[in-house]
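Chemist:
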Amino acid sequence: MTADPQPGRRRRTRLYALTDGRTAASRHGLTMDTVITATAGTGHGGHGSLPTEWQEILAMCPSPNGRAVAEIAARMRMRLTPMVVLLGEMLERGLIRHRPPLDASETSNVHLLMKIRDNLARL
Amino acid sequence: MPASDTADTAGPAASPVKILVAGGFGVGKTTLVEAISEIDPLRTEERLTSAGVGVDDLDGIESKTATTVAMDFGRITLTDAGVVLYLFGTPGQERFWFMWDDLLYGALGAIVLVDTRRLDRSFPAIDFFENRGLPFVVGANCFNGEQPYTAEEIKAALHLRDPDTPVLLLDARSRDDVRGCLLSLLDRLITQAHVTVPV
Numbered sequence: 001m002t003a004d005p006q007p008g009r010r011r012r013t014r015l016y017a018l019t020d021g022r023t024a025a026s027r028h029g030l031t032m033d034t035v036i037t038a039t040a041g042t043g044h045g046g047h048g049s050l051p052t053e054w055q056e057i058l059a060m061c062p063s064p065n066g067r068a069v070a071e072i073a074a075r076m077r078m079r080l081t082p083m084v085v086l087l088g089e090m091l092e093r094g095l096i097r098h099r100p101p102l103d104a105s106e107t108s109n110v111h112l113l114m115k116i117r118d119n120l121a122r123l
Numbered sequence: 001m002p003a004s005d006t007a008d009t010a011g012p013a014a015s016p017v018k019i020l021v022a023g024g025f026g027v028g029k030t031t032l033v034e035a036i037s038e039i040d041p042l043r044t045e046e047r048l049t050s051a052g053v054g055v056d057d058l059d060g061i062e063s064k065t066a067t068t069v070a071m072d073f074g075r076i077t078l079t080d081a082g083v084v085l086y087l088f089g090t091p092g093q094e095r096f097w098f099m100w101d102d103l104l105y106g107a108l109g110a111i112v113l114v115d116t117r118r119l120d121r122s123f124p125a126i127d128f129f130e131n132r133g134l135p136f137v138v139g140a141n142c143f144n145g146e147q148p149y150t151a152e153e154i155k156a157a158l159h160l161r162d163p164d165t166p167v168l169l170l171d172a173r174s175r176d177d178v179r180g181c182l183l184s185l186l187d188r189l190i191t192q193a194h195v196t197v198p199v
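Taken in order, these protein sequences are the chains called A and Z. Numbering follows full-length UniProt numbering, in which position 72 of the first sequence is assigned residue number 72; successive positions increment by one, without gaps. Numbering follows full-length UniProt numbering, in which position 47 of the second sequence is assigned residue number 47; successive positions increment by one, without gaps.
#1: Per DSSP, which residues does Ser15 (chain Z) bridge with? Please list them.
#2: Rounded to whole angstroms, how far is the Cβ of Thr34 (chain A) from the Cβ of Pro82 (chain A), which I believe are closer than 8 angstroms?
#3: If I measure Cβ to Cβ from Glu56 (chain A) and keep anything under 7 angstroms in the same chain, skipping five residues before and after, which residues do I get?
#4: Under a CB-based cut-off of 7 angstroms, is Gly106 (chain Z) close to chain A?
#5: State the beta-bridge partners of Glu46 (chain Z) as determined by DSSP.
#6: Does the ligand ZN have a heavy atom nearer than 6 angstroms to the CB of Lys18 (chain Z)?
#7: Give the DSSP-derived three-state secondary structure of Phe136 (chain Z) in the structure shown.
#8: Using a Cβ-Cβ distance cut-off of 7 angstroms, determine whether Thr44 (chain Z) contacts chain A.
#9: Determine the burial state of Phe136 (chain Z): buried for a count of at least 16 other Cβ atoms within 10 Å of its Cβ, exposed for fewer.
#10: On the criterion of 16 or more Cβ atoms from any shown chain inside 10 Å, does Gly73 (chain Z) qualify as buried, or is it exposed?
#11: Please identify the residue among A:Asn109, A:Gly94, A:Thr39, A:Thr107 whose C-alpha is closest to the C-alpha of Leu61 (chain A).
#12: Going by the CB atoms, is the gap between Leu113 (chain Z) and Gly145 (chain Z) shorter than 7 angstroms?
#13: Does any residue of chain A bring its CB to less than 7 angstroms from the CB of Val17 (chain Z)?
#14: Thr44 (chain Z): which of A:Arg97, A:Val110, A:Asn119, A:Val84 sits nearest, CA to CA?
#15: Cα separation between Asn119 (chain A) and Thr79 (chain Z)?
#16: Looking at the structure shown, is Gly109 (chain Z) part of a helix, part of a strand, or coil, going by DSSP?
#17: For Thr30 (chain Z) versus Pro16 (chain Z), is the C-beta spacing smaller than 7 angstroms?
#18: Whole angstroms is fine: what's the gap from Val21 (chain Z)'s alpha carbon to Ile111 (chain Z)'s?
#19: Does any C-beta atom of chain A lie closer than 7 angstroms to the C-beta of Ala22 (chain Z)?
#20: Give me the subset of the stretch 144-162 of chain Z whose CB atoms are less than 9 angstroms from a CB atom of chain A, sorted by chain position.
#21: Among all the DSSP beta bridges, which residues are the ones paired with Thr77 (chain Z)?
#22: Using a 10 Å radius around the Cβ and a threshold of 16 neighbouring Cβ atoms, would you call Val195 (chain Z) buried or exposed?
#23: State buried or exposed for Pro51 (chain A), treating a residue as buried only when at least 16 other CB atoms are found within 10 Å of its CB.
#24: Could you pull out every residue in the same chain whose Cβ sits closer than 8 angstroms to the Cβ of Leu189 (chain Z), ignoring the five residues on either side in sequence?
#25: In chain A, which residues lie less than 8 angstroms from Leu166 (chain Z) when you measure between Cβ atoms?
#26: Pull the bridge partners of Asn141 (chain Z) from the DSSP assignment, please.
#27: For the stretch 82-94 of chain A, which residues have a beta carbon sitting closer than 9 angstroms to at least one beta carbon of chain Z?
#28: Can Ala151 (chain Z) and Gly23 (chain Z) be called in contact, C-beta distance under 7 angstroms?
#29: Could you pull the start and end residues of the beta strand (DSSP E) that His98 (chain A) belongs to?
#30: Who are the near neighbours of Arg121 (chain Z) in its chain, counting only those whose CB is closer than 6 angstroms to its CB and skipping five residues on each side?
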């Protein structure tokens, strides 16, 4: 089952169809600010057999910059939790890579904070 | 585990970091995000259910306490620093934040935006960040470019636990003001990092 491709009149695809029946929370620790990139070669229509939603996600997350989970969810008009489940499935299939947010030891690093400050000041 | 294998090699170029923008409804959180974000603000939603809801109990699930919280957010790519900074405008229903660990995890700090005509609406956000130990600065949004109070008066009225917490007067529509507010937060973080980790 795939979504109606017509923009504006899109049918709401059942969550279990998008996630292959998986409804448990993701085991991958994907948070709203985890950044996702498509694995090399997946973002250019080479996966015609994949669900439309998956292809859309791959197309919007080209390497090297990608997009955050929250941004993908917003652009796909999905809530965060189902998007995290879907991305977890894509991660397991090797379609995407992820970079988690920096942890507390890194975000309290003076050198990193000063680099962020300098970069902000030059905006 | 593919999860750990894919996290490092040839993954996303920049590390995500996050700053929260909190404050009462209508105080200008999204306006502030829009002023500095490189993309038009986006909205994401999450459905939060009250603690203790049994997932196996299929009867009456619709009657369980649940609420949808929405967040508007934007981003700033800081190439030289190797980070992508996400600004998340936190939802107005502060009483639900405690259920949302994602919100605080990995956050650098926060901006608490206040409207001096409705100062009490910012108390929950200030209490929340003070209790969780997340560094923050206060931005007093000057609606119509006017602010009848001084930063000192606002600071006194907020009863901030840490008297060194910066209070800035700003116009949330002004890119320069918002950047100044972020720089003030970074200065505070740098000072605290020096204190925590003596060189």
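For each residue, glycine too, the CB sits at the ideal point set by N, CA and C.
Modeler: Reading off the structure:
#1: Z:Val83
#2: Your pair Thr34 (chain A) and Pro82 (chain A) does not check out as a contact, with CB atoms roughly 15 angstroms apart and the cut at 8 angstroms.
#3: Met76
#4: yes
#5: DSSP lists Z:Val69 as the beta-bridge partner residues of Glu46 (chain Z).
#6: No copy of the ligand ZN occurs in the structure displayed, which carries no ligand at all.
#7: In the structure shown, the three-state DSSP call for Phe136 (chain Z) is strand.
#8: yes
#9: buried
#10: The sequence given here has Phe at residue 73 (chain Z), not Gly. Label assigned to Phe73 (chain Z): buried.
#11: Note that residue 61 (chain A) is Cys in the sequence shown, not Leu. Nearest C-alpha to Cys61 (chain A): A:Thr39.
#12: no
#13: yes
#14: A:Val84
#15: Distance between the alpha carbons of Asn119 (chain A) and Thr79 (chain Z): 8 angstroms.
#16: strand
#17: no
#18: Those two C-alpha atoms are separated by around 5 angstroms.
#19: no
#20: none
#21: Z:Val84
#22: It is exposed - the Cβ of Val195 (chain Z) has fewer than 16 other Cβ atoms within 10 Å.
#23: By the 10 Å Cβ count, Pro51 (chain A) comes out buried.
#24: Leu108, Gly109, Pro135
#25: In the sequence as presented, Leu is not what sits at residue 166 (chain Z); that position holds Pro. Neighbours of Pro166 (chain Z) on chain A: none; closest Cβ ~14 angstroms, over 8 angstroms.
#26: Z:Leu170
#27: Met83, Gly88, Leu91, Glu92, Arg93, Gly94
#28: Not closer than 7 angstroms, so no.
#29: 96-99
#30: Gly24
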